[in-house]
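Okay, structure first, notes after.
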Amino acid sequence: MFVRQFYFSWSILFQFYSSFNIINARNIPNNKIRITREIKSPNDVTINDIIAYMQKYGHLEAAKQKDEAGGDAPIDQNTILKNGIKRLQKYMGIKQTGEPDKETKKAILLPRCGINQNTGNKWEDNKRNLTFAIYDFHPKLDKDLQRLAIRTAFNRWASVSTFKFHDVTEISDITPDIKVGFFSDCHGDKDCFDGELQVLAHGYYPEDGHLHFDLDENWAYPNSAAIRTDISTGKYIDLLEIATHEIGHILGVEHIPNTEAIMSPGYNPKNDSSGNYIVKKLHALDIEKVQELYGVGTEGSSRGPPILSNRKRRETTSSVS
Ligand SMILES: [Zn+2]
Ligand SMILES: [Zn+2]
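When you line the sequence shown up against the UniProt record's numbering, it's residues 1 to 321, in that order.
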C-alpha cells in the first residue's frame with residue numbers, strides 16, 4: 001500500500017513536470033536506472049533519471065524526513081524533490097543548488113561504489129591483525145597485478161592505522177577475515193552487480209569482510225604511462241583506487257562528501273595540468289576518518305608473520321597465471 005501511494009504521489013509530480021515538457025510521464029523509470037553507457041552526455045540526463053537515482057540511493061526518502069535542524073518534515077513534492085537533490089549534491093560533494101543542474105547530471109553518470117548505507121560499525125579491539133585471501137581472480141588481468149593492487153591498497157590503510165593485514169591467499173587452512181573476489185551479476189550476497197560501469201564494487205562494513213569487484217568491468221593496475229592514459233580516458237577502471245576505497249568500508253569508514261577523498265562515492269578519474277592521470281591516494285580526510293575510529297597507528301605492514309611452508313595451498317580461479 002505504501003509503495004502504491006508513493007508511486008502515485010510521484011506520478012503526480014512527473015505529470016506536473018511533463019506538463020512543462022521537462023519529462024514525459026510515460027517514461028516513468030519504475031525504480032530502474034538507465035545504465036550509464038546508455039546515456040552519452042549530461043545533456044541527455046532527464047529529471048526522470050535523477051529521481052530514479054535518488055530513489056535507488058535513498059535521497060528522496062531522506063528528504064521526506066525532518067530537516068537537519070529538526071524542523072518540520074516537508075509535505076509538498078516540490079520541496080521534497082528540491083531537498084532530495086540537495087542531499088544528493090551534498091553526498092556527491094558538489095554545490096548544493098537544489099536544482100537538476102549540469103554538475104548533478106554529471107555526478108549521477110559517474111561509475112560508483114555500491115555501498116549506500118552508513119553503519120558506524122567497527123572491528124573489535126582484539127582484531128587488528130586481519131587476514132585476507134583472493135578467492136576469485138579476474139580472468140583478463142594478470143594475477144600478479146591483481147595481487148599487487150589488493151596488497152598495495154591494504155598497505156595504504158595499514159600505514160595510517162592500527163591495522164596489520166596478512167595475505168593468506170595461498171593458504172587453504174586459514175579462513176580469512178576478508179574474502180576478496182570478482183563476481184558478475186547476483187552472486188550470493190544482498191547486492192547484485194549490474195554489468196559494465198555504474199556500480200563497480202562493494203566492501204561490506206565490519207565485521208563482514210566481503211570485498212567484491214564487478215567482473216564485468218575492464219580493470220587495470222596503473223603501472224605504466226600507457227595504462228594510466230587508458231584509465232584517464234575511461235577504457236579501464238583503476239583497480240588500485242577502487243580496492244583502496246572498498247577496504248575503507250571493510251574497516252568501517254563511510255563515504256566522505258568530498259571528491260578529493262578516496263572515500264567519495266563516485267569514481268571520477270582526473271588528470272593533472274600536464275594531462276597525466278593522477279593516481280588517487282588516501283587523502284587527509286580519509287586518514288582522519290580511520291583514525292577517528294581506531295586511533296593513530298604506527299608504521300604498518302601487510303607482510304605479516306612468515307607463512308609456514310607446510311600450510312595447504314588454496315586453489316583460486318583464473319585463466320591467467
Ligand atoms: Zn563506497
Ligand atoms: Zn558481493
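Ideal placement from N, C-alpha and C gives every residue a C-beta, glycine not left out.
The model shown is predicted, which means the values in this text are computed figures rather than measured ones.
Contact belief for residue i with residue j at Cβ below 8 angstroms, rounded distance in angstroms
i: residue 121; j: residue 206; result: 5 angstroms
i: residue 241; j: residue 262; result: 7 angstroms
i: residue 181; j: residue 136; result: 3 angstroms
i: residue 290; j: residue 251; result: 6 angstroms
i: residue 294; j: residue 161; result: 6 angstroms
i: residue 85; j: residue 104; result: 6 angstroms
i: residue 128; j: residue 164; result: 7 angstroms
Residue i versus the options, residue with shortest Cα-Cα distance
i: residue 150; options: 276, 253, 288 and 246; result: 246
i: residue 118; options: 185, 275, 285 and 204; result: 204
i: residue 210; options: 225, 189 and 138; result: 189
i: residue 123; options: 208, 196 and 223; result: 208
i: residue 152; options: 230, 243 and 39; result: 243
i: residue 194; options: 113, 55 and 107; result: 113
i: residue 279; options: 296, 40, 221 and 139; result: 221
i: residue 215; options: 233, 58 and 192; result: 192
i: residue 284; options: 45, 59, 185 and 159; result: 159
i: residue 44; options: 264, 109 and 147; result: 109
i: residue 396; options: 264, 248 and 274; result: Nothing about residue 396 can be read from this structure; the chain reaches only from 1 to 321.
i: residue 232; options: 276, 265, 218 and 62; result: 276
i: residue 147; options: 219, 106 and 101; result: 219
i: residue 106; options: 249, 46, 42 and 264; result: 42
i: residue 140; options: 102, 82 and 217; result: 217
i: residue 102; options: 46, 253 and 179; result: 46
i: residue 186; options: 179, 212, 164 and 253; result: 212
i: residue 156; options: 248, 83 and 54; result: 248
i: residue 57; options: 253, 138, 144 and 87; result: 87
i: residue 54; options: 75, 38, 76 and 83; result: 83
i: residue 38; options: 138, 253 and 196; result: 196
Cβ-based burial, residue i [other Cβ within 10 Å; buried from 16]
i: residue 287; result: buried
i: residue 48; result: buried
i: residue 126; result: exposed
i: residue 52; result: buried
i: residue 73; result: exposed
i: residue 65; result: exposed
i: residue 281; result: exposed
i: residue 111; result: buried
i: residue 50; result: buried
i: residue 78; result: exposed
i: residue 26; result: Unreliable placement is indicated for residue 26, whose pLDDT of 32 sits below 50; no coordinate value is reported for it.
i: residue 8; result: At residue 8, the pLDDT of 39 sits below 50, so the modelled position is not reliable and the matter cannot be decided from this model.
i: residue 100; result: buried
i: residue 29; result: For residue 29, the predicted structure reports a pLDDT of 40, less than 50, and the residue's modelled location is therefore unreliable. A value from the coordinates is still provided. Burial call: buried.
i: residue 40; result: exposed
i: residue 31; result: Any reading at residue 31 is ruled out, since the residue's pLDDT is 43, under 50, leaving its predicted position unreliable.
(message) So, does the stretch 255 to 269 touch the stretch 230 to 238, judging by three or more C-beta pairs under 8 angstroms?
(response) yes
(request) For the stretch 89 to 102 and the stretch 240 to 257, state whether three or more C-beta atom pairs, one from each stretch, are separated by less than 8 angstroms. (result) yes
(request) Count the CB pairs spanning the stretch 193 to 201 and the stretch 162 to 173 that are closer than 8 angstroms, and state whether there are at least three. (result) no
(message) What ranges does the beta strand (DSSP E) occupy inside the stretch 148 to 178, keeping only unbroken runs of at least 3 residues that lie completely in it?
(response) 164 to 167
(message) Is it the case that the stretch 170 to 185 contacts the stretch 94 to 113, given that we only count it when at least three CB pairs across the two stretches are under 8 angstroms?
(response) no
(request) Please determine if the stretch 224 to 234 and the stretch 122 to 141 are in contact, where contact requires at least 3 C-beta pairs separated by less than 8 angstroms. (result) no
(request) Could you pull out every unbroken alpha helix (DSSP H) segment of at least 4 residues lying fully inside the stretch 179 to 262, listed in chain order? (result) 225 to 232 and 239 to 251
(request) Any chance you could list the alpha helix (DSSP H) runs of at least 4 consecutive residues sitting entirely within the stretch 44 to 127, in chain order? (result) 47 to 57, 59 to 63, 77 to 92 and 102 to 109
(request) With a floor of 4 residues, list each alpha helix (DSSP H) that falls wholly inside the stretch 264 to 304, ordered by position along the chain. (result) 284 to 294
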